[in-house]
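Chains V and S supply the protein sequences, listed in that same order. Heads up, our numbering is the position in the first sequence plus 187, with the first residue counted as 1. Heads up, our numbering is the position in the second sequence plus 8, with the first residue counted as 1. Beta carbons are placed, not taken as given, at the ideal position from N, Cα and C, and that holds for glycine.
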Amino acid sequence: MTEYIEAGHAVDHGSLSGGAGSAPPVAQDVTYERLLQARSEPQNWLTYYGAYDGKRFSPLDQINTENVNRLTPAWVFQTGAAGMHAGPSTYAFEAAPIVVDGVMFLSGWDGWIWALDAKTGQELWRYKHAIPYDTSLCCGNVNRGVAVAKGKVFAVTLNAHVIALDAETGTQVWDRAYGDVRAGESATLAPLVVKDLVVVGSAGGEFGVRGHLDAFDMESGERVWRTYTVPKPGEPGAETWPQDGEAWARGGANTWVTGTFDPELNLMYWGTGNPAPDFDGGVREGDNLYTDSVIAVNPDNGQIEWHYQYNPHDLWDYDSTMEHILFEQDGRKLLGHFNKNGYFFVLDRTNGELVRVAPFVDRITWGEIDANGRITPKVYPEKEGEPVHFWPGPAGGKEWTHAAYSPRTQLFYVPVQDVGAEVTLRRREFRESIPYWGAGVVVDSTDMAGSVSAFDPSTGEEVWRWHREVPMCASVLATAGDLVFAGEPTGEFNALDARTGEHLWHFQTGCGHHSSPTTYSVDGRQYIAVPVGWGAWVEGFLPGLLGAPHGDALFVFALPEEA
Amino acid sequence: MATTNVEPAGLVSELGLDKQNRASLGRLLGHGSVGRAEEGEDGRMHATIRIPPDELAWEPAILALPHSGDLELEIVNDDENTHCALLPSNGDQQFLWLPNFSRGTASLKLNGPGYYWFSSPIGNDEGRGLTGAIVVMGESPPEARLDRPPQPRP
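#1: Please classify Arg35/S as buried or exposed, where buried requires at least 16 neighbouring CB atoms within 10 angstroms.
#2: How is Arg614/V classed by DSSP in three states: helix, strand or coil?
#3: Could you check the C-alpha separation between Leu769/V and Val343/V for me, to the nearest Å?
#4: Out of curiosity, what's the CA-to-CA distance linking Ala745/V and Arg313/V?
#5: Taking only beta carbons into account, state which residues of the region 265 to 288 of chain V come closer than 8 Å to chain S, listed in chain order.
#6: For the putative contact between Gln265/V and Ala740/V, defined by C-beta atoms under 8 Å, what is the C-beta separation to the nearest angstrom?
#7: Would you list, in chain order, the members of the region 428 to 447 of chain V that have their beta-carbon closer than 9 Å to a beta-carbon of chain S?
#8: What are the start and end residues of the alpha helix (DSSP H) that includes Arg221/V?
#9: Provide the residue span of the beta strand (DSSP E) that contains Asp557/V, from first to last.
#10: Rounded to a whole number of angstroms, what is the C-alpha to C-alpha distance between Tyr505/V and Phe617/V?
#11: Taking Trp125/S as the query, report the chain V residues whose CB atoms sit under 7 Å from its CB, ordered along the chain.
#12: Examine chain V for any beta-carbon lying closer than 8 Å to the beta-carbon of Asp87/S, and answer yes or no.
#13: Whole angstroms is fine: what's the gap from Glu49/S's alpha carbon to Pro129/S's?
#14: Determine, using beta-carbon pairs with one atom in the region 82 to 91 of chain S and one in the region 140 to 159 of chain S, whether at least three such pairs fall under 8 Å.
#15: Given a cut-off of 8 Å on the beta-carbon distance, is the pair Val639/V and Glu609/V in contact?
#16: Out of Val263/V, His316/V, Tyr600/V and Asp401/V, state which residue places its alpha-carbon closest to the alpha-carbon of Gln359/V.
#17: Quick one: Cα of Leu138/S to Cα of Gln101/S, how far?
#18: With a threshold of 8 Å between beta carbons, is Asn328/V in contact with chain S?
#19: Find out if the Cβ-Cβ distance for the pair Gly327/V, Ala279/V is shorter than 8 Å.
#20: Roughly how many whole angstroms lie between the Cα atoms of Ile556/V and Tyr124/S?
#21: Name, please, each residue of chain V whose Cβ falls closer than 7 Å to the Cβ of Trp105/S.
#22: Under a three-way DSSP split, which group does His690/V fall into?
#23: Are the CB atoms of His75/S and Met145/S nearer to each other than 8 Å?
#24: Can you give me the start and stop residues for the beta strand (DSSP E) that Arg519/V sits inside?
#25: Determine the extent of the alpha helix (DSSP H) in which Gly727/V is found, giving its start and end residues.
#26: Is there at least one Cβ from chain S nearer than 8 Å to Ala197/V's Cβ?
#27: Which parts of the region 590 to 661 of chain V are runs of the beta strand (DSSP E), unbroken and 3 residues or longer, counting only runs that do not cross its ends?
#28: Mind checking who Glu540/V pairs with in its DSSP beta bridge?
#29: Is DSSP giving Asp362/V helix, strand or coil here?
#30: Report yes or no: is there a C-beta of chain V within less than 8 Å of the C-beta of Asn132/S?
#31: How about Phe617/V: is its C-beta nearer than 8 Å to some C-beta of chain S?
#32: Using only alpha-carbon positions, find the residue among Asp449/V, Asp487/V, Gly338/V and Pro499/V that is nearest to Asp535/V.
#33: Could you list the residues in the region 46 to 59 of chain S with a C-beta less than 9 Å from some C-beta on chain V, going in chain order?
Now the structure itself:
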C-alpha cells in the first residue's frame with residue numbers, strides 16, 4: 188500500500204507573493220456626499236470618470252505644460268497570469284484606476300481586482316473571481332474599473348455578477364448574479380454608486396439579449412430595481428418594434444459603459460447599445476427604441492424620464508454607450524456625446540432637446556445628419572450577400588474610450604478613429620448565446636487614420652487636431668496643467684498642450700493603450716496612472732495591429748523628486 | 009464519485025458536455041476521462057482527482073459538478089515526480105504543492121455555470137497534459153435571467 192505524504196490544504200495563490208495582505212481603511216469614509224464633491228478632492232480619483240459629470244478632468248496642475256517634458260516613470264505594476272484564463276487572445280487592460288487617500292483600487296481582465304499603494308506600487312491585496320472559460324464575449328476579456336464607497340469596492344465580473352469586497356482586505360462581502368451567461372450576457376463596466384445604490388449594466392447585445400440596468404443596495408446586495416432598455420409588448424416604445432414575433436426579446440440595447448449623473452436633476456445618463464441583429468434590419472422594422480440612445484434615468488426607481496435616439500433603426504452597429512459629459516454653457520445644462528456614427532451631439536440634459544450636432548471625423552459615408560438631427564441613410568447592408576463599404580466602420584469614429592472636457596479651455600478632447608469596413612448581409616436564425624450579427628464584417632486594415640481632436644461645443648467646430656497614422660483607441664485625460672494625456676495603439680503615452688495641441692512629451696510603454704488614464708497626488712506629488720494592455724476587440728478597430736504585444740502593466744508617472 | 013476511462017467521447021456526449029449551451033457553454037477543446045462530483049448532505053460537493061504514474065494527466069480530466077457552489081476536492085499525486093495544482097475559486101486561485109506520492113485537499117467556490125481550467129503550473133506540466141476542466145452544470149439563477157419567452161438554443 189502506498190504511503191502518501193500529507194500535502195496539506197491548498198492556499199491562496201496570492202499568499203505566495205509579496206503582497207501585504209491588507210490596505211489602510213481609507214474607503215470607510217467615502218460617502219455619497221464626498222462623491223458629490225469629488226472634484227474638491229483633487230488628490231483623489233474617486234469615481235470612474237473622476238466625478239459624476241464625466242469630464243475626466245483633474246484640477247491638479249503640478250504637472251503642466253512647462254515641466255511635463257521631465258515626466259518619468261515612478262513605479263510600474265505588472266500583473267501577468269498563471270494558468271489558462273478566459274479570452275487569452277482578447278484580454279486587454281482597460282480599467283480606470285481609482286485612488287482614495289493613497290490607495291489605488293484597480294481591476295484587470297478575468298476577474299482580477301487589486302489594491303495597491305498609490306505611492307510605491309506595492310500590492311496590498313488581490314481578489315480573483317473565477318471566470319468560466321467559455322463565457323460569451325463579443326469584445327474581449329476586459330473590465331473597466333471598480334467603484335468605491337463606504338468601505339467597500341464594487342465590481343462586475345465577466346460572468347455577469349456584481350460583487351462587493353471589503354476595501355481593507357479584499358474579501359468578498361456579497362455576490363449577486365444579474366446576467367444570464369447561458370443567454371450570452373456578460374459584464375465589463377465600472378459600477379456607478381449613486382446614493383445607497385450600486386448601478387450596473389450588462390453586455391451581450393451581439394448575442395441577441397435584452398439590455399437592462401440594475402440597481403443594488405450597497406449594504407445588503409439586494410436588487411432594488413431593474414429597467415429593461417428594450418420594451419416588451421405594451422410598454423412605452425414597444426410600437427417601435429415589430430408587433431409580431433420576438434424581435435424585442437432579442438433586441439440588444441445593452442448599457443455596457445458607465446453612465447454619468449446630475450444630482451440636481453436627479454437623472455443618470457446612460458448610453459444604450461445597438462439593436463440585434465447588428466446589421467440585419469429586416470427582422471426588426473421600426474426605430475427600435477431604446478437602442479442607440481441616451482436614456483435619462485431616475486436613480487431612485489429606474490424610470491426612463493426621456494431619451495434621445497442617435498441612430499434610429501441602426502444598420503451599422505453604431506451603439507451609443509459611450510460617455511455623456513455634463514457641462515454648462517450660457518446658463519444651460521447640457522451634455523456632450525461623441526457617437527460612433529461620427530457626429531458630436533450637444534443636448535439639453537433637462538429634456539433631451541438637440542442643441543447642436545456636427546461631424547468630428549473626416550470620412551462619414553453611411554449617411555448624413557442635418558442641423559436639426561434629421562438622418563438620411565446612404566450606405567447600408569440591404570441585399571443578402573452584397574457587400575457595402577462605409578465610414579466609420581462598426582468600431583465607430585470613436586469607440587467606448589472616453590473624451591474629456593476642460594473647464595479651463597472649455598474644449599472637448601476626443602480620441603478619433605477614422606476606419607471604414609466592408610459589411611455583407613448574411614441573415615441567420617437566432618440561437619441563444621450564439622453571435623447574432625446578421626452579416627460578415629471586414630474592417631479596413633491599411634487605409635486608416637486617427638487623431639486627438641479638440642472641439643468647441645458652442646460651435647461644434649474643431650479647434651485643433653493632433654493627427655496620427657493609426658486610430659486613437661484609448662481614453663484621454665485633461666488636467667488643470669493644461670495638458671491632455673493620450674495613449675497610442677503603438678505604445679506611446681503622450682502629453683499635449685490642451686490649448687494648442689502641441690505635442691510636449693511621450694514615453695514608449697511597450698504595448699498599445701486601450702484604457703482610461705487617471706491622475707492623483709500623494710504627499711503633494713502628482714502622479715499620472717495608465718494601464719497598458721492591448722487586445723480586446725482589436726479586429727474591430729485596428730486589425731493592422733492584431734499581432735502587437737499584449738502587455739499587462741500599469742505605468743505611473745511623476746516629476747522627478749527634488750534632491 | 010464515479011469515473012470511467014471507457015469511451016470518454018461517448019460519456020462526454022451523454023453528459024451533454026459537447027454541445028453549445030448545454031452543460032458547457034462551449035465545446036471543450038479536449039477531454040480525457042470524466043468524473044462527477046457527489047453532493048453531500050450538507051450541500052457541499054466532494055470529488056477526488058489524481059495524477060496517475062507516468063501519464064501526465066489528471067484523472068479525471070473533466071470533473072463535472074451538478075451545480076455551482078462549494079467543492080471539497082481531494083488531490084492525489086500517484087506519480088513518481090513532483091507536480092502541483094492551481095485551481096479556480098472565487099477570492100483567489102488555490103495552490104497546492106504535490107510531491108511524489110502525496111495527497112492534499114482544496115476548498116473551491118465556483119458560482120456560475122460554464123467550465124474552468126485547472127492545471128499543474130510547473131515545468132511544462134500544462135502543455136504535456138496536466139490541464140483539466142471543472143465543468144459546472146446548470147443554469148444561471150432565476151433572478152439573473154431575462155424577462156422574455158424561452159428562446160431557441162443550439
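Quick answer:
#1: Translated into the one-based positions of the second sequence, residue 35/S becomes position 27. Since pLDDT at Arg35/S reaches only 48, below the 50 mark, its modelled position is unreliable, and the value read off the structure follows with that caveat. Under this definition Arg35/S is an exposed residue.
#2: Position 427 of the first sequence, counted from the start, is the residue given in the question as residue 614/V. Note: Arg614/V maps to coil in three-state DSSP.
#3: Nothing about residue 769/V can be read from this structure; chain V reaches only from 188 to 750.
#4: Residue mapping note: residue 745/V aligns to position 558 of the first sequence, counting from 1. Residue mapping note: residue 313/V aligns to position 126 of the first sequence, counting from 1. Straight-line Cα distance between these residues: approximately 25 Å.
#5: Ala269, Gly270, Met271 and His272
#6: Here residue 265/V corresponds to residue number 78 of the first sequence, with the count starting at 1. Here residue 740/V corresponds to residue number 553 of the first sequence, with the count starting at 1. About 5 Å separates the two Cβ atoms, so the contact holds.
#7: Glu433, Trp435, Ala436 and Arg437
#8: On the first sequence, position 34 is the one that residue 221/V refers to. Unbroken alpha helix (DSSP H) run through Arg221/V: Tyr219 to Leu223.
#9: One-based indexing of the first sequence puts residue 557/V at position 370. No beta strand (DSSP E) contains Asp557/V, which DSSP labels as neither H nor E.
#10: Here residue 505/V corresponds to residue number 318 of the first sequence, with the count starting at 1. Here residue 617/V corresponds to residue number 430 of the first sequence, with the count starting at 1. Tyr505/V and Phe617/V: Cα-Cα distance of roughly 21 Å.
#11: Sequence index remark: in the second sequence, residue 125/S carries index 117 (1-based). The answer, in chain order, is Gly270, Met271 and Tyr320.
#12: The residue given as residue 87/S occupies position 79 in the second sequence. No, its Cβ sits nowhere closer than 8 Å to a Cβ of chain V.
#13: Taking the first residue of the second sequence as 1, we reach residue 49/S at position 41. Taking the first residue of the second sequence as 1, we reach residue 129/S at position 121. Straight-line Cα distance between these residues: approximately 33 Å.
#14: no
#15: Numbered from its first residue, the first sequence carries residue 639/V at position 452. Numbered from its first residue, the first sequence carries residue 609/V at position 422. Not in contact: Val639/V and Glu609/V (Cβ atoms no closer than 8 Å).
#16: Walking along the first sequence from the start, residue 359/V turns up at place 172. Cα-wise, what sits closest to Gln359/V is His316/V.
#17: Start at 1 with the first residue of the second sequence, and residue 138/S comes out as number 130. Start at 1 with the first residue of the second sequence, and residue 101/S comes out as number 93. Approximately 17 Å, taken between the alpha carbons.
#18: As a position in the first sequence, residue 328/V is number 141, starting the count at 1. Answer no: the Cβ-Cβ gap between Asn328/V and chain S never drops below 8 Å.
#19: Start at 1 with the first residue of the first sequence, and residue 327/V comes out as number 140. Start at 1 with the first residue of the first sequence, and residue 279/V comes out as number 92. Yes, they are a contact pair.
#20: In the first sequence, counting from the first residue as 1, residue 556/V sits at position 369. In the second sequence, counting from the first residue as 1, residue 124/S sits at position 116. The alpha-carbon atoms of Ile556/V and Tyr124/S are separated by roughly 47 Å.
#21: For the purposes of this step, residue 105/S is identified with residue 97 of the second sequence, where counting begins at 1. Within chain V, the residues near Trp105/S are Ala194.
#22: Here residue 690/V refers to the residue found at position 503 when the first sequence is read from its first residue. In this structure, His690/V counts as strand in the three-state DSSP scheme.
#23: By one-based count along the second sequence, residue 75/S stands at place 67. By one-based count along the second sequence, residue 145/S stands at place 137. Cβ atoms of His75/S and Met145/S: closer than 8 Å.
#24: Locating residue 519/V in the first sequence gives position 332, counting from the first residue. From DSSP, the beta strand (DSSP E) with Arg519/V extends over Arg519 to Phe525.
#25: For the purposes of this step, residue 727/V is identified with residue 540 of the first sequence, where counting begins at 1. Unbroken alpha helix (DSSP H) run through Gly727/V: Val725 to Phe728.
#26: Your numbering for residue 197/V matches position 10 in the first sequence. Closer than 8 Å to some Cβ of chain S, the Cβ of Ala197/V qualifies, so yes.
#27: 591 to 593, 598 to 612, 626 to 643 and 648 to 655
#28: Residue numbering aside, residue 540/V sits at position 353 when the first sequence is read from its first letter. Looking at the DSSP assignment, Glu540/V forms no beta bridge with any residue, so it has no partner.
#29: Your numbering for residue 362/V matches position 175 in the first sequence. In this structure, Asp362/V counts as strand in the three-state DSSP scheme.
#30: Taking the first residue of the second sequence as 1, we reach residue 132/S at position 124. Asn132/S does not count as touching chain V.
#31: What you label residue 617/V is simply residue 430 of the first sequence in a count that begins at 1. Yes, Phe617/V counts as interfacial toward chain S.
#32: Position 348 of the first sequence holds residue 535/V. Comparing Cα-Cα distances from Asp535/V to each of Asp449/V, Asp487/V, Gly338/V and Pro499/V, the minimum goes to Asp449/V.
#33: none
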